[in-house]
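Comments concern the structure below.
Protein chains: 4
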Amino acid sequence: MKAFELRGFGLESLVLTERPEPVPGPFETVVRMRAASLNYRDLVLIQGTYDPKLRLPLVPLSDGAGEVVAVGPGVTRVKPGDRVVLSYVQDWVTGEPEPSLVTRRLGGPLDGVLAEYVKVPEHGLVRAPAHLSDVEAATLPIAAVTAWHALFEVGRVRPGDTVLVEGTGGVSLFALQLARLAGARVLVTSGSDEKLARAKALGASAGINYRKTPEWDEAVLSLTGGRGVDHVVEVAGGPNLSRALRAVRMGGEVTVVGFLEEMRAELELLQAIRRHVTVRAVSVGSRASFEHLVRALEVHEVHPVVDRVFPFADARAALGYLASGQHFGKVALAFPR
Amino acid sequence: MKAFELRGFGLESLVLTERPEPVPGPFETVVRMRAASLNYRDLVLIQGTYDPKLRLPLVPLSDGAGEVVAVGPGVTRVKPGDRVVLSYVQDWVTGEPEPSLVTRRLGGPLDGVLAEYVKVPEHGLVRAPAHLSDVEAATLPIAAVTAWHALFEVGRVRPGDTVLVEGTGGVSLFALQLARLAGARVLVTSGSDEKLARAKALGASAGINYRKTPEWDEAVLSLTGGRGVDHVVEVAGGPNLSRALRAVRMGGEVTVVGFLEEMRAELELLQAIRRHVTVRAVSVGSRASFEHLVRALEVHEVHPVVDRVFPFADARAALGYLASGQHFGKVALAFPR
Amino acid sequence: MKAFELRGFGLESLVLTERPEPVPGPFETVVRMRAASLNYRDLVLIQGTYDPKLRLPLVPLSDGAGEVVAVGPGVTRVKPGDRVVLSYVQDWVTGEPEPSLVTRRLGGPLDGVLAEYVKVPEHGLVRAPAHLSDVEAATLPIAAVTAWHALFEVGRVRPGDTVLVEGTGGVSLFALQLARLAGARVLVTSGSDEKLARAKALGASAGINYRKTPEWDEAVLSLTGGRGVDHVVEVAGGPNLSRALRAVRMGGEVTVVGFLEEMRAELELLQAIRRHVTVRAVSVGSRASFEHLVRALEVHEVHPVVDRVFPFADARAALGYLASGQHFGKVALAFPR
Amino acid sequence: MKAFELRGFGLESLVLTERPEPVPGPFETVVRMRAASLNYRDLVLIQGTYDPKLRLPLVPLSDGAGEVVAVGPGVTRVKPGDRVVLSYVQDWVTGEPEPSLVTRRLGGPLDGVLAEYVKVPEHGLVRAPAHLSDVEAATLPIAAVTAWHALFEVGRVRPGDTVLVEGTGGVSLFALQLARLAGARVLVTSGSDEKLARAKALGASAGINYRKTPEWDEAVLSLTGGRGVDHVVEVAGGPNLSRALRAVRMGGEVTVVGFLEEMRAELELLQAIRRHVTVRAVSVGSRASFEHLVRALEVHEVHPVVDRVFPFADARAALGYLASGQHFGKVALAFPR
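Those protein sequence lines, which keep their order, are chains H, X, L and Y. Numbering of the first sequence is given in the working numbering, commencing with residue 74 and proceeding in unit increments. Numbering of the second sequence is given in the working numbering, commencing with residue 74 and proceeding in unit increments. Numbering of the third sequence is given in the working numbering, commencing with residue 74 and proceeding in unit increments. Numbering of the fourth sequence is given in the working numbering, commencing with residue 74 and proceeding in unit increments.
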């Protein structure tokens, strides 16, 4: 079968190659991949900054959807022909994260989905939402599950709450769509008026251009009558976290799901203590969260925002496009049929 | 001022009379009532079955909205001219219920809102939602706050959940509307196909006529693919609770908010234990819940379902109409201007 | 190997027999049993009242401890020589219970531990607490995990709380010991003054003999200054639940873990609603709860209360002794070495 | 009556003066102070760094205990002769903090307890624990309530958990004592071996001298078998927070209750995200938490650690002693009788 292998760090070391087709062992399945989507993690992993000790060669990419084509002995959860999405953190089935449950991740350290066939244990699969295309389904595993986990597992967004979403990347747009489903009012920040306009079209109540309004926390306070928002989905890091702390209400929560700008952040303690703020750092979620998300998307027939779809063979171009930061929503790959 | 007094048990003992206008003391306010709404509690209280030792005479009715017309020394939360709703459990401002916080209730043991002017401490008031009429605002204090408390304080309804709402009384219809705001799918039971049709028009996904389908729990299971619902809002009591337990998913919750049919209920323990079911009995909620509810209604411009509005002078007729069980939504009173 | 088989319902149908020694497949282990303990569930299951459709023959008993003697391919969690306890609900590793996770239970429908060797997947094992004997470790899987789950997973017992424990059976004594570890004050009910004295020796603050004080709920209220207890561990069923509801404080919780007297219970709704009471039915807990329990027992070097130990060959006598209700704490079996 | 007034910033501006004795208005009480205790907040407030805009003159100190000597109209919670402790955040009775509930704080902006008589509303009082002296009771309002809130309101410490307590100041020692009550294992850091020995005498399992072991997070990991602690009570700020994040287990919590060293702290985001860490900043707690704490202390007859008691007249010397950092536990003042 065809597969892309990362043989060294850097996009130029990602090469198309031939690998043997996988055969399922007990409790295992083989999925014929139909689509994949890209995450910021894929970029930094390929660049070597995510984990310099990563064992290579590796088939990259974490997010994928396809069709079960073979099952090993003992498999009962799925059968050949089922449309499925792969769960990024393969063994985190339910409950709280534990080191032993979060080790086996697709796209590093495990081989990922940038291959025609992928072998995973049956417990690592989720039924694809019936109303979504393969490409749409492939956008869910990291970005949508992270947004769900932030808002509804560690967070508790309720109708009438105000949620602040930073930026318009994959997690952020899912957070916007899901917070709206839950009855919240959503504010969005971005450095582009055009992206803010698109976020409003998706249901955001207001947008703040942080280039034009660097003190965006004050804009948030004035949009909330001085009260602050109930929940912030934080993606940037650096001094941005301090602004997020000032934008949240007393007793509110900031969930950190990424670090697009800096890998460190600064906390003003007196500010945080006086206002009883909680900062939660989270990474994706369990298969149970993924399944809950699927039910929510199906009930409301919500479609993910797909920015652009590249063919499988153009994986490198797709990754370069993601790195350019021009996208609004998810960048995806469609596999040959 | 004019007021209705309950001078003995029974609707015939509810008489229109004159009382002195109240004067606010320190931290107190006087509200000119504009509208009231009726609850099942008002009926059983007037009949004497709610509390046979209730001290009479009493001005009945718990739910009312109006305008602040006078404030005593020290009042800072409101000012004359403010449109307000009265909080039924006057001292339960926030947090968990405690005996000392839930004693002072409007419409028994405290005098209620069936009077032209009502005196309450400033902490017992909530700002009326801007988009609601006085009559609409007056429907909120018991029914909507109970539904909010059940679904979002003790419960944790999330997008994609399925909520079963029993009947189409006041609490039930608010539960339907609020569960929809939160992204849930809602199933409704009723003994009337016409009421089920109206519930569907409000957003219910399916209705079950328990007269035609006495084993309504089986219908619920088949509507949820055998999984059961995540949450039941229980209003009936008696053998109905056992059905509710069978209709809920493993680990699900049944919140008991009333007892329209029987004051006792039966629990099948093996069934409950095997399926890890929680039964919560709740009564209304705090002022903080009420304020959260107001934010939710405002963000989505949701209007309560008002079945019929009677003039103040026809309070007895309105109570008789409520007793007949013909209503769909709230029965209200409009006060003379 | 030697094993007891249940070939029909009734204690007389439990016969000692020979079975082939199990061989571990992939991810499986074989445990040489050293000890077992008995639960009320074993009794009603053998009598046929727990599940009349149970498939026979069956090796009964759910609770056992022993030593890993063989592991199949892929096993990493344990190795031969490890002292282990078997987890009763084999697949419930962590998080909330789900139907697919709670089906495979030892001692019915799966073969149980009343055999010299037992084969289980590696994920169904828990490390035995270092300070406990095999017999002591074998008392934990159902009774102690249930008590833990009731008090610390669904419940939230905190220092200074008052916990009411009904009776002095296995779950109840673990609940007493664990609630004490958590800094709670514990009240105990029993029909025997002698058992109450022993419960006090274990740390209970007060005991109530329900034969001498049938209105034991009033005794509880007077022992708590009229406030009621924070948490009740309910084991009886029937009208007892209504008493438990009256003994709990406003906003308190009753956790139902058994039904020693009746399989139905009655709920007084007005009482429950006015006092915001939660009734939770639970069954055992996850492996993560079991592991948390082990840490707690080890930190405090707590030993379970073992009433009497019978030899393996006298399993029927041991079950008969449990049925007599004379025991205080767990009844256990020691296996031949 | 005698009172100390802060007339400008700096300890030298704290002067003993005469003020009129307060008279209780409606719902108010007057307390004859018997003892007070000092907090780090008092120091930075007097120095002017806590709030440079603080309105002066001010009677400082937040923590005090005494006897009710007069009550105004409407008071029902207390009566003259009652031994009471004053609640620092006067209006935060229960539930979550809200800006309107946390404004009125004793010892700034409200006049504090460094006076012979203090007037407070009845809702701002808590019954003093029966087994504590006045001086002991006076140590509770800030330090013990903060520790309670961190461990048991926002935190959920359970038996068998490991709690890391930084330092041996007031909050830290209460956290140590309370975590022990709850069945946790406690690790303590300090820069003094003598203080570590005293912490062990109070129940700590192990102590780490951060002067000798600057990488104290690695010592914590080795003391927990590599797992990390469940909960950290953080008091220092600065780079210390990053160490705390590395010392906590996956999914664990760091509660920030102070900033003894720096008012900013640094968060390593990748570290935090991969390990799902929560950082909560909290400030004291509600009266309901205070009352829960009192029940816990009474059940176990726990006594606070009082380092040294100065006479009322030597308040300045006492504050100087606190500033020296020599203390272990609380520094208190005894008032003239």
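In this text, a Cβ means the ideal position worked out from N, Cα and C, and glycines have one as well.
Would you kindly report the start and end of the unbroken beta strand (DSSP E) that includes residue i?
i: H/Y190; result: 190-194
i: L/G137; result: 136-144
i: X/D234; result: Note, X/D234: premise wrong, no beta strand (DSSP E); not H, not E.
i: Y/K75; result: 75-79
i: L/R316; result: Counting along the chain, L/R316 falls outside any beta strand (DSSP E), though it belongs to the alpha helix (DSSP H) covering 313-320.
i: H/D303; result: 302-307
i: Y/S110; result: 101-110
i: H/A338; result: 337-341
i: X/E91; result: 87-91
Does the distance from the CB of residue i to the CB of residue j come in under 8 Å?
i: X/L340; j: X/A309; result: no
i: X/P214; j: X/S160; result: yes
i: L/A201; j: L/A138; result: yes
i: L/A407; j: L/A210; result: no
i: X/Y190; j: X/E335; result: no
i: X/V244; j: X/G324; result: no
i: X/G81; j: X/P133; result: no
i: H/L224; j: H/A248; result: yes
i: Y/F401; j: Y/A391; result: no
i: Y/W289; j: Y/R322; result: no
i: H/R92; j: H/M106; result: no
i: X/R258; j: H/R229; result: no
i: H/V329; j: H/A345; result: no
Interface residues of chain Y around residue i at Cβ under 8 Å?
i: X/E169; result: T167, G168, A361
i: H/R319; result: None at all; the shortest Cβ gap to chain Y is about 13 Å.
i: L/E256; result: A small fix is needed here, since residue 256 of chain L is Gly in this sequence, not Glu. Per Cβ cutoff of 8 Å: L254, A255, G256, A369, V372, H373.
What are the boundary residues of the alpha helix (DSSP H) that residue i is part of?
i: Y/T219; result: 218-221
i: L/I119; result: 113-120
i: H/V148; result: No alpha helix (DSSP H) holds H/V148; DSSP gives it neither H nor E.
Kindly list, in the order they appear in chain X, the residues whose Cβ is closer than 7 Å to that of residue i.
i: Y/P95; result: Per Cβ cutoff of 7 Å: no residues; Y/P95 is ~17 Å from chain X at best.
i: Y/P99; result: P99
Can you tell which of the options has the C-alpha that lies nearest to the C-alpha of residue i?
i: Y/V293; options: Y/V199, Y/A274, Y/T262; result: Y/T262
i: L/V227; options: X/V357, X/T351, X/V382, X/H400; result: X/T351
i: Y/K273; options: Y/R300, Y/L237, Y/G311, Y/V199; result: Y/L237
i: H/E307; options: H/V158, H/E374, H/V327, H/R300; result: H/V327
i: H/P232; options: X/E364, X/P146, X/V357; result: X/E364
i: Y/R347; options: H/E267, H/V372, H/P172; result: H/P172
i: L/V151; options: L/V329, L/Y113, L/E101; result: L/E101
i: X/A369; options: X/G168, X/L254, X/K192; result: X/L254
i: H/L131; options: H/S359, H/D266, H/L84; result: H/L84
i: Y/G311; options: H/G197, H/R337, H/E371; result: H/R337
i: H/R128; options: H/P182, H/L118, H/E239; result: H/P182
i: Y/A217; options: Y/D380, Y/F385, Y/A386, Y/V367; result: Y/V367
Applying a beta-carbon distance threshold of less than 9 Å, which residues of chain X neighbour residue i?
i: L/S356; result: I346, R347, R348, H349
i: H/V327; result: Correct list: empty, because the minimum Cβ distance to chain X is about 20 Å.
Kindly list, in the order they appear in chain Y, the residues whose Cβ is closer than 7 Å to that of residue i.
i: H/P172; result: M323
Applying a beta-carbon distance threshold of less than 9 Å, which residues of chain L neighbour residue i?
i: Y/V365; result: Per the sequence shown, the amino acid found at residue 365 of chain Y is His instead of Val. What Y/H365 touches in chain L: R231, P232, G233, D234.
In chain Y, what lies closer than 9 Å to residue i by C-beta?
i: H/F332; result: L342, L343, I346
Going along the chain, which unbroken runs of the beta strand (DSSP E) with 3 or more residues stay wholly within the stretch 346-407 of chain Y? 351-354, 379-384, 403-407
Can you check the stretch 270-300 of chain L for any beta strand (DSSP E) of at least 3 residues that lies completely inside it and give the ranges in chain order? 279-282
For a minimum of 3 consecutive residues, which ranges assigned as the beta strand (DSSP E) are wholly contained in the stretch 241-271 of chain L? 258-263
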